[in-house]
Amino acid sequence: MLIQQKTKTFFLASFFLSATFFSQAHNVSKGYEKPTDPLVVKNLEDWQDLKFGLFMHWGTYSQWGVVESWSLCPEDESWTQRKSEHGKTYNEYVKNYENLQTTFNPTQFNPQKWADATKKAGMKYVVFTTKHHDGFAMYDTRESDYKITSPKTPFSRNPKADITKEIFNTFRKDGFKIGAYFSKPDWHSNDYWWSYFPPKDRNVNYDPKKYPERWENFKTFTFNQLNELTSHYGKIDILWLDGGWVRPFNTIDPHVEWQRTIKVEQDIDMDKIGNMARKNQPGIIIVDRTVPGRWENYITPEQAVPEQPLSIPWESCITMGDSFSYVPNDHYKSSQKIIETLIKIISRGGNYLMNIAPGPDGDYDAVVYERLKEISGWMEKNQSAVFATRSVAPYHEGDFYYTKSKDGKMLNIFHIQEKSDYSSPSDLNFTIPENFKPKSIKILGISSKIKWKQQGNRIDVQVPDERKQLKYATVIQIIQ
67 MLIQQKTKTF
77 FLASFFLSAT
87 FFSQAHNVSK
97 GYEKPTDPLV
107 VKNLEDWQDL
117 KFGLFMHWGT
127 YSQWGVVESW
137 SLCPEDESWT
147 QRKSEHGKTY
157 NEYVKNYENL
167 QTTFNPTQFN
177 PQKWADATKK
187 AGMKYVVFTT
197 KHHDGFAMYD
207 TRESDYKITS
217 PKTPFSRNPK
227 ADITKEIFNT
237 FRKDGFKIGA
247 YFSKPDWHSN
257 DYWWSYFPPK
267 DRNVNYDPKK
277 YPERWENFKT
287 FTFNQLNELT
297 SHYGKIDILW
307 LDGGWVRPFN
317 TIDPHVEWQR
327 TIKVEQDIDM
337 DKIGNMARKN
347 QPGIIIVDRT
357 VPGRWENYIT
367 PEQAVPEQPL
377 SIPWESCITM
387 GDSFSYVPND
397 HYKSSQKIIE
407 TLIKIISRGG
417 NYLMNIAPGP
427 DGDYDAVVYE
437 RLKEISGWME
447 KNQSAVFATR
457 SVAPYHEGDF
467 YYTKSKDGKM
477 LNIFHIQEKS
487 DYSSPSDLNF
497 TIPENFKPKS
507 IKILGISSKI
517 KWKQQGNRID
527 VQVPDERKQL
537 KYATVIQIIQ
């Protein structure tokens, strides 16, 4: 991911206070450009209906159980997680890390098992890391031998060796929208981290203006890899580009700490890339993270949820565990926490992209399947209040959160209890929007007729004894 550990808090504060946003009325400033291509507009509208997606960070790094790619970065931060057992010097560490390619053999890889479990849990799109910052391609690129299908990689002899193709084909068959995560920086490429100079931080380690031919080679390499992904892997709905420090120098926001570390021009020619991707995949959503303008079709707060609704398309990418990549004995969030997070996000008009990291054997932790099964039970009863909905005032009052159907005829009120295991009260009293005229009220998951009364714009609902079977939240649905 883009931001790690201690910089996250500052980033999110800066992100929502910077020129990109104005908090009043939740409007967006000149930084966001609404797409005009009708196919993109339609795809973006459909994507906003999906609400819940699956993110997967997976690569050779899972064998060491370290945070994805970042241990290669010379920045001396807590997230690098370098251990002396993996190399006593930086150069030795890098050599051993890159040698993980020769032992990566995730023989338990079965994307159908993932698709079955996540689909039941209500997930409707998937974004997979085809290449992270370390440069290891989880697909069959012709531009590099540092890839899953290389003869150097044991898994290359498996019939499912092209992992990206297997994931995309399997999830697409099951009705998921398909997203390709791709890192713009490539720390394995000699045209990004040139071996003539030592890398200093996450950025390119030479000045592209002084060595324009080398930078041009890197631009061509990146273009060619993205051309492969968008032309050889079936229909792709989202191109999710990470590594926002690879950007035109004039787009840097000095209010954001990590962007102040960018010292040189790193313009990768997003117009050329974006136009190529749209030619290969008409209507594809392009997410050039943190780089406002034509190619950031939606924004992506990381490991956090905006406090207020936003008037543009957005998605929070949040881990099920503590880490984006596989870590042994990771601490996984409870099902109640995941449901509460989903409710908050959709009440503010966003999508929830939840990351699950496969392990080195090619499967999820057993706890993940337990969580997905629990979420499935809740989603089966309450999905009509989640999908194809939009935010509606008052958005959030106390323990109540609101969504509405796109035609405005159905109002959904979610009641949660964050500080304890959920237990539905016998009486719920809440505000409804001005001019909304209730005709009928039901509680999802309860068959009994509901007693309710209205006074002004307040509704009082008596929750029957069946409430004892409600888990994680009470969801009230009102038709006008």
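Counting from 1, position 158 in the sequence shown corresponds to residue 224 in the working numbering; the numbering is continuous, with no gaps. Every residue gets a Cβ at the ideal spot worked out from N, C-alpha and C, and that includes glycine.
Quiz item: Any heavy atom of the ligand MN closer than 8 Å to the CB of N316?
Solution: In the structure on display, the ligand MN does not appear, and there are no ligands present to speak of.
Quiz item: Taking DSSP as the reference, what is the three-state secondary structure of H198?
Solution: DSSP, reduced to helix, strand and coil, places H198 outside both helices and strands of the structure shown, so it counts as coil.
Exercise. Assign K515 to one of two classes, buried (16 or more other C-beta atoms within 10 Å of its C-beta) or exposed (fewer than that).
Key: It counts as exposed.
Exercise. Check whether the Cβ atoms of V434 and Y461 sit closer than 9 Å, and answer yes or no.
Key: No, Cβ-Cβ distance for V434 and Y461 is not below 9 Å.
Exercise. Could you tell me whether the Cβ atoms of Q147 and P426 are closer together than 9 Å?
Key: No, they are not a contact pair.
Self-check item: Top-ranked residue by Cα proximity to I318, from R524, W306, Q332, Y163
Solution: When each option's Cα is compared against that of I318, the closest is Q332.
Practice problem: Determine which residues share a DSSP beta bridge with T540 and list them. | Solution: Answer is H481, bridged to T540.
Exercise. Could you pull out every residue in the same chain whose Cβ sits closer than 6 Å to the Cβ of F466, ignoring the five residues on either side in sequence?
Key: Its chain contains I479, H481, F496 as the residues whose beta carbon lies nearer than 6 Å to that of F466, once the 5 sequence neighbours on both sides are disregarded; these appear in chain order.
Self-check item: Reduced DSSP category for M122 - H, G, I as helix; E, B as strand; rest coil
Solution: In this structure, M122 counts as strand in the three-state DSSP scheme.
Self-check item: Runs of beta strand (DSSP E) lying entirely within the stretch 229 to 263, each at least 3 residues, in chain order
Solution: As far as the stretch 229 to 263 is concerned, its whole beta strand (DSSP E) runs of at least 3 residues are 243 to 249.
Quiz prompt | Range of the contiguous alpha helix (DSSP H) that encloses W145 | solution = If you look at W145, you'll find it isn't in any alpha helix (DSSP H); DSSP assigns it neither H nor E.
Quiz prompt | Nearest-angstrom Cα separation, counted from D487 out to M386 | solution = Distance between the alpha carbons of M386 and D487: 18 Å.
Exercise. Go to K569, then tell me how far its beta strand (DSSP E) extends in each direction, as first and last residue.
Key: Since the first residue shown for the chain is 67 and the last is 546, residue 569 is missing from the structure and cannot be characterised.
Self-check item: Simplified DSSP assignment, three categories, for N495
Solution: Strand, per DSSP.
Quiz item: DSSP beta-bridge partners for H321?
Solution: Checking the DSSP bridge columns, you'll see H321 has no partner listed.
Quiz item: Would a C-beta distance cut-off of 9 Å place I509 and T540 closer than the cut-off?
Solution: Taking 9 Å as the Cβ cut-off, I509 and T540 qualify as a contacting pair.
Self-check item: Per DSSP, the bridge partner or partners of Q369
Solution: In the DSSP output, where bridge partners are listed per residue, Q369 has none listed.
Exercise. Indicate whether T230 and T196 have their beta-carbon atoms separated by less than 9 Å.
Key: Yes, the pair counts as a contact, with Cβ atoms nearer than the cut-off.
Quiz item: Alpha carbon to alpha carbon, how far is N93 from W324?
Solution: Only weak support exists for where N93 lies, its pLDDT of 33 falling under 50; the value from the coordinates is given anyway. One C-alpha to the other measures close to 25 Å.
Self-check item: Straight-line gap, D273 to D142 (C-alpha atoms, nearest Å)
Solution: Looking at the two C-alpha atoms, the distance is approximately 22 Å.
Quiz prompt | Segment limits, beta strand (DSSP E) that includes D62 | solution = Nothing can be reported for residue 62: it is not among the residues displayed for the chain, which extend from 67 to 546.
Quiz item: Roughly how many whole angstroms lie between the Cα atoms of S210 and W259?
Solution: Approximately 15 Å between the Cα atoms of the pair.
Quiz item: Which residue comes first and which comes last in the alpha helix (DSSP H) that contains Q402?
Solution: In the DSSP annotation of this structure, the continuous segment of the alpha helix (DSSP H) that includes Q402 starts and ends at 401 to 413.
Quiz item: Which word fits R223, buried or exposed, when buried means at least 16 other C-beta atoms lie within 10 angstroms of its C-beta?
Solution: By the 10 Å Cβ count, R223 comes out exposed.
Quiz item: Taking contact to mean at least 3 C-beta pairs separated by less than 8 Å, is the stretch 442 to 458 in contact with the stretch 152 to 171?
Solution: No contact exists between the stretch 442 to 458 and the stretch 152 to 171.
Exercise. For I545, count neighbouring C-beta atoms within 10 Å of its own C-beta (all shown protein chains included) and say buried if the count is 16 or more, exposed if not.
Key: I545 counts as exposed, since fewer than 16 other C-beta atoms from the protein chains shown sit within 10 angstroms of its C-beta.
Self-check item: Sequence-distant residues of its chain with Cβ nearer than 7 Å to D115 (five each side left out)
Solution: The residues are F453, A454.
Quiz item: Taking the alpha-carbon positions, what's the Y212 to F202 distance?
Solution: Rounded to whole angstroms, Y212 to F202 spans 5 Å at the Cα level.
Practice problem: Let me know if L105 comes out buried or exposed under the rule of 16 or more other beta-carbons within 10 Å of its beta-carbon. | Solution: Under this definition L105 is an exposed residue.
Quiz item: So, do the stretch 303 to 313 and the stretch 340 to 356 have three or more beta carbon pairs nearer to each other than 8 Å?
Solution: With a cut-off of 8 Å, the stretch 340 to 356 and the stretch 303 to 313 count as touching, because enough Cβ pairs lie within range.
Quiz item: Taking the C-alpha atoms as reference points, what is the distance between D240 and K266?
Solution: About 44 Å.
Quiz item: Relative to the alpha-carbon of L166, which residue among A187, T126, N235 has its alpha-carbon at the smallest distance?
Solution: The shortest C-alpha to C-alpha distance from L166 to any of A187, T126, N235 is the one to T126.
Quiz prompt | Local Cβ density within 10 Å of S400, reported as buried at 16 or more and exposed below that | solution = Exposed: under 16 other Cβ atoms inside 10 Å.
Self-check item: Cβ neighbour criterion (16 or more within 10 Å) applied to Q369
Solution: It counts as buried.
Self-check item: Proximal residues to S89 (C-beta, below 6 Å), its chain only, five neighbours per side dropped
Solution: Note that S89 has pLDDT 31, beneath the 50 cutoff, so the model's placement of it is unreliable and no number is given.
Quiz item: Going by other Cβ atoms of all chains shown within 10 Å of its Cβ, with 16 needed for buried, is K329 buried or exposed?
Solution: Exposed, since its Cβ has fewer than 16 Cβ neighbours within 10 Å.
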